[in-house]
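Single-structure report; data block below.
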Amino acid sequence: MTTSRTHVGVDVGGTFTDVVLLTPGDGLVTAKVPTTSDQSVGVVDGIEKACGEAGIDPSDVDEFTHAMTVSVNALLEEAGAATALVTTEGFRDVLEIARQDRPDLYDFDETRPDPLVPRRRRFEVSERTTTDGVEDAVAAEDVRAVVDRIRDSDAESVAVSLLHAYQHPENERRVTELLRKELDVPVSASHEVLAEFREYERTSTTVVDAYVKPVIDAYLGRLEERAADLDVPAPRIMQANGGIAAARTVRDRPVTTSMSGPAAGVVGAAATASDATRDLAGLVTFDMGGTSSDVSLVRDGDAERTTAADINGRPIRVPMVDVNTVGAGGGSKAWVDDGGALRVGPASAGAQPGPACYGRGGTDPTVTDANVVLGYIGDSSALGGELSLDEAAAEDALAALADTAGLDDTLDAARGVYRVANANMTRAIRAVTVERGHDPREFALVAFGGAGPMHAAALADRLDVDTVVVPRACGVLSAYGLLAADEKHDAVRTLREPFDSLDRGRVEAAYDDLATDVRADVADVNDDTASAAGPAAATVERAADVRYAGQSFELTVPVDDEFDANAVAERFHAAHESTYGYRMDDPLELVNVRTTAVVDRADVSVHYEASGDPVKGHRQAFFDGTFHETTVYDREALDVDATVDGPAILEQHESTVVVPPTWTGSAHPDGTFVMTNGGEDA
233 MTTSRTHVGV DVGGTFTDVV LLTPGDGLVT AKVPTTSDQS VGVVDGIEKA
283 CGEAGIDPSD VDEFTHAMTV SVNALLEEAG AATALVTTEG FRDVLEIARQ
333 DRPDLYDFDE TRPDPLVPRR RRFEVSERTT TDGVEDAVAA EDVRAVVDRI
383 RDSDAESVAV SLLHAYQHPE NERRVTELLR KELDVPVSAS HEVLAEFREY
433 ERTSTTVVDA YVKPVIDAYL GRLEERAADL DVPAPRIMQA NGGIAAARTV
483 RDRPVTTSMS GPAAGVVGAA ATASDATRDL AGLVTFDMGG TSSDVSLVRD
533 GDAERTTAAD INGRPIRVPM VDVNTVGAGG GSKAWVDDGG ALRVGPASAG
583 AQPGPACYGR GGTDPTVTDA NVVLGYIGDS SALGGELSLD EAAAEDALAA
633 LADTAGLDDT LDAARGVYRV ANANMTRAIR AVTVERGHDP REFALVAFGG
683 AGPMHAAALA DRLDVDTVVV PRACGVLSAY GLLAADEKHD AVRTLREPFD
733 SLDRGRVEAA YDDLATDVRA DVADVNDDTA SAAGPAAATV ERAADVRYAG
783 QSFELTVPVD DEFDANAVAE RFHAAHESTY GYRMDDPLEL VNVRTTAVVD
833 RADVSVHYEA SGDPVKGHRQ AFFDGTFHET TVYDREALDV DATVDGPAIL
883 EQHESTVVVP PTWTGSAHPD GTFVMTNGGE DA
């Protein structure tokens, strides 16, 4: 399908801000600019750069979609708003008590993160609600007393989470209305954020929403102003669930943006690689950027999702793309621990000063510096299309690391950094495949991010994966995914009933209510963006959280347009067996019902046409214990179906592809590069 609109997608990473511009006629322009402390500045810089390269004015842009790290950075850096919590009398310390477990069972020095809301800003109201209904209504005078105490505190935002408000929100709704009427700060209510049981997780998710709300609101305000100055449309925002929504929607529920960028990358991988891997079980997506690597799974064309994520030790129970993140990126620093072992990450050199090879004053050795010493990046490379490399600085940094680690020379240090980083990323891939009942050999590895394609074949060798897919826009694939993402809105309600006495009418009524809610979200978004799409354009998907009676965890399975208990039960048994290796004959319990409204966007199609001489030259690159004479190609000049035999290196502005010996690759009609392993061990 040929696009008739000009669409720009901008994804903010820790080191670079990535831009993809799609113009009528399927023209694709990509760009990278350094990420700025105020992310909105870098976003606008990136749009102007991409438009300049495309020869158009920013005012020609018809759609603007954006993924950001504002909310996750606020959580990781604990730089959100001063937040107050209003809860039921006697439950002030739910955040502090949490769950009685430890991340590391045998580490007695393990400490929990401090609650986002200190005890002095946790306020109680006298009320009591059970799963059967409201027993003691909240008194207006009690709420007004809390209002006065919040005013006297330094609170910039308020979270409200009353006991059993997921089932009967009457008291919580009354408290929320009074707080919003009397206070000049935003208020997040648990029955609006997460109408789901489990007191600690619901409270934590609501507090996170309140904690990041002023930060998100201020950021989007600045971005909308800067976009308006360029005459660019207001942005639509990528959510953690892999779908987009209007800025107004995420301002109301900012917790949904917690994994915005990684979700966009997974969507982009699914959009570009599925056609090339139809005969495989699915895709393992591997996004290696400047500060971290994100790994996820795509099956049947859809990204795997979860509702049980933690960020910086805080549970967040909204639907999101299931991403496993490790602190190993191109800018990750290599260091030696107290036991003399070589380590990589999680600390990063960032964009400023960046790796030593950037020539910006950085002296710490990083993964990128190791890739320079190994010959995978050379003097013909230009990271981000504008950075020239300082090879001598990279060698000096690795030489210093070799001295500290007691290694023979600079090459040994570079090999060690490369292998340790790969080991970290291999563990992350095993966590989303082997540990969840999937054989990675049945999947293709989709590599993207600035550094991902350099490491992908080496990781595939470790995992016995024979196919590696490198999308054309691999260095900016998260930004590309923003062009392909559909609009999505989620809703959930706890409805705990045993399968053997299930009230089907009650279940269908709950689904109908949730469908009405998510269709209303579609109406709000499209009214806000003046789109022709409305609630009638949405497809409502249904799902259920199910468990064996007595279990403390659930699995989510799809539900048909009419709830068929037998079909849902069989799907649950199959999912349980796939995940845990067995199924049981025990009774089942329905826990939560879920709906997702999806509004499809037009498929993204790009035209690839090679131009110029594909061979740029040759250099020495390290494989299998020795240096090899390696052909360096201009990836954008490779003809469709042209075969590239390893060892080879393909360079483009935003990324570099390494093709080891025994591997062979070719370009597909859309520019996707597919590598296969033809070695004896393949």
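Those letters in the sequence shown? Residues 233 to 914, by this note's numbering.
We treat Cβ as the ideally placed atom computed from N, Cα and C, and that holds for glycine.
Check                                                                                                             : Outcome
Other residues of its chain near Gly897: CB distance less than 7 Å, five sequence neighbours each side excluded   : Val876, Val891, Phe905, Val906 and Met907
Residue closest to Glu431, alpha-carbon to alpha-carbon, out of Ala716, Val604, Glu667 and Tyr398                 : Tyr398
Backbone CA spacing between Ala442 and Gln852 [nearest angstrom]                                                  : 53 Å
Strand pairing of Arg546, partner residues [DSSP]                                                                 : Ile543
Residue(s) in a DSSP beta bridge with Phe854                                                                      : Phe859
Spatial distance of Ala899 from Gly287 (CA atoms)                                                                 : 27 Å
Beta-carbon gap between Tyr865 and Pro846 smaller than 8 Å                                                        : yes
Selection from Asp341, Glu342 and Asp380 that minimises the alpha carbon distance to Phe355                       : Asp380
Lys281, buried or exposed, once every other Cβ within 10 Å from all chains shown has been counted against 16      : buried
Spatial neighbours of Arg592 in its chain, beta-carbon cut-off 8 Å, leaving aside the 5 residues before and after : Gln584, Pro585 and Gly586
Val903 versus Asp570: straight-line alpha-carbon distance, rounded                                                : Residue identity differs from the one stated: residue 903 is Gly in this sequence, not Val. Going by the C-alpha atoms only, they are around 47 Å apart.
Buried versus exposed call for Met491 [16 or more other C-beta atoms within 10 Å across all chains shown]         : buried
C-beta contact flag for Ala421 and Thr315 at 8 Å                                                                  : no
Classification of Pro672 by the beta-carbon crowding that lies within 10 angstroms, buried from 16 upward         : buried
Close beta carbons around Ala535, own chain, < 7 Å, minus the five adjacent residues each side                    : Gly474, Val498, Val499, Ala502, Ser528 and Val553
Assigned secondary structure, Ala626 (DSSP; H/G/I helix, E/B strand, else coil)                                   : helix
Cβ-Cβ distance between Asn909 and Ala692 below 8 Å                                                                : yes
Whole-Å CB distance - Val357 paired with Pro685, under 8 Å assumed                                                : Not really, about 55 Å apart at Cβ, beyond 8 Å.
Residue interval of the beta strand (DSSP E) (run including Ser291)                                               : From DSSP, Ser291 is part of no beta strand (DSSP E); its letter is neither H nor E.
Contact under 8 Å by Cβ, Thr827 with Lys720                                                                       : no
Classification of Gln471 by the beta-carbon crowding that lies within 10 angstroms, buried from 16 upward         : buried
Beta-ladder partner(s) of Arg826, from DSSP                                                                       : Val724 and Ala775
Phe429 - DSSP class collapsed to helix/strand/coil                                                                : coil
Nearest-angstrom Cα separation, counted from Val836 out to Ser763                                                 : Caution is warranted here: a pLDDT of 48 is assigned to Ser763, below 50, making its placement in the model unreliable, and the coordinate value is therefore given only provisionally. Straight-line Cα distance between these residues: approximately 18 Å.
Buried/exposed call for Tyr812, threshold 16 Cβ in 10 Å                                                           : exposed
Straight-line gap, Val641 to Val823 (C-alpha atoms, nearest Å)                                                    : Per the sequence shown, the amino acid found at residue 641 is Asp instead of Val. Using only the alpha carbons, I get a separation of about 59 Å.
Other residues of its chain near Gly533: CB distance less than 7 Å, five sequence neighbours each side excluded   : Ala502 and Ser506
Sheet register partners of Gly365 (DSSP bridge)                                                                   : Thr362
Extent of the continuous beta strand (DSSP E) to which Asn909 belongs                                             : Phe905 to Asn909
Sequence ranges, alpha helix (DSSP H) only - wholly within the segment 473-503, length at least 4                 : 479-484
Euclidean distance between Cα positions of Asp336 and Thr343                                                      : 10 Å
Limits of the beta strand (DSSP E) - the one that Asp877 falls within                                             : Thr875 to Asp877
Meets three-Cβ-pair contact criterion under 8 Å: the segment 448-458 and the segment 296-310                      : yes
Proximal residues to Leu709 (C-beta, below 6 Å), its chain only, five neighbours per side dropped                 : Gly497, Gly500, Phe680 and Pro703
Close Cβ partners of Ala634 (< 8 Å) along its chain, the five nearest in sequence each way excluded               : Asp640, Asp641, Thr642, Asp644 and Ala645
Span separating the alpha-carbon of Ala977 from that of Asp601                                                    : With the chain covering only 233 through 914, there is no way to say anything about residue 977.
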